[in-house]
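> Residue numbers are given in the UniProt record's numbering: position 112 of the sequence shown equals residue 112, and the series is strictly consecutive.
For every residue, glycine included, the Cβ atom is placed at its ideal position computed from N, Cα and C.
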Amino acid sequence: MASLVSSWASQVNTVPERYVVPTEKRLNVNVPIGKEIPVIDLSHPNSALIAEQIIKASQDYGVFQVINHGVPQELIGDVLKVCDEFFKLPIEDLEKYAEEEELSEFEPNLDQKPKALY
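In structure tokens:
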């Protein structure tokens, strides 16, 4: 059975080679480098503008943060607590939830993947 990320991630200091796209296969694009990811305010009254911001952030960064989403802080806290409890389970219990088949080597579809920093 494949090892779970949670069982080795705390001991790893670099990205495993199997997850690194070879230099010759990487996209040659200029990706903006910044310390902040885009922030999208979901309370804005113009839903078309919100959709445009989500699309642009997804295309340019591959990630974004939402604010004013309406999810109660208590619920967010509960979800984080459950996630923390889940990943602190013994490996034997976590293996029950792992997929049975081995994962294939990582090979991104370079035509469809979001832009990334290399």
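Classify I40: buried if its beta carbon has 16 or more other beta carbons within 10 angstroms, exposed otherwise.
Taking the sequence shown and counting its residues from 1, one reaches residue 40 at position 40. Buried, because 16 or more other Cβ atoms sit within 10 Å of the Cβ of I40.
> In chain order, what residues of the same chain lie with their CB nearer than 6 Å to the CB of N68, ignoring the 5 residues before and after it?
As a first step, residue 68 is located in the sequence shown; it is residue number 68 there, counting from the start. Closer than 6 Å at Cβ, skipping near neighbours: D41, L42, S43.
> So for I37, helix, strand or coil by DSSP?
Here the question's residue 37 lines up with position 37 in the sequence shown. Correct three-state label for I37: coil.
> Closest by CA to V63, which one among K96, R18, P38, E95?
Walking along the sequence shown from the start, residue 63 turns up at place 63. Among K96, R18, P38, E95, the Cα nearest to that of V63 is on P38.
> Pull up the distance between the alpha-carbon of R26 and that of Y97, whole angstroms please.
Walking along the sequence shown from the start, residue 26 turns up at place 26. Walking along the sequence shown from the start, residue 97 turns up at place 97. Approximately 33 Å, taken between the alpha carbons.
> Would you report the Cα separation of I54 and P90, rounded to the nearest angstrom?
Residue mapping note: residue 54 aligns to position 54 of the sequence shown, counting from 1. Residue mapping note: residue 90 aligns to position 90 of the sequence shown, counting from 1. One C-alpha to the other measures close to 38 Å.
> With C-beta atoms as the reference, is F86 less than 9 Å away from L94?
The residue you call residue 86 lines up with position 86 of the sequence shown. The residue you call residue 94 lines up with position 94 of the sequence shown. Yes.
> Per DSSP, which one or two residues make a beta bridge with Q65?
Here the question's residue 65 lines up with position 65 in the sequence shown. DSSP, once it has assigned bridges, lists V39 as partnering Q65.
> Can you tell me whether A48 is buried or exposed? The criterion is at least 16 other CB atoms within 10 Å of its CB, across all chains shown.
Here the question's residue 48 lines up with position 48 in the sequence shown. A48 should be labelled exposed.
> My output table needs one value for V20: the three-state DSSP class, helix, strand or coil.
By 1-based counting over the sequence shown, the position of residue 20 is 20. DSSP places V20 in coil when its eight states are reduced to three.
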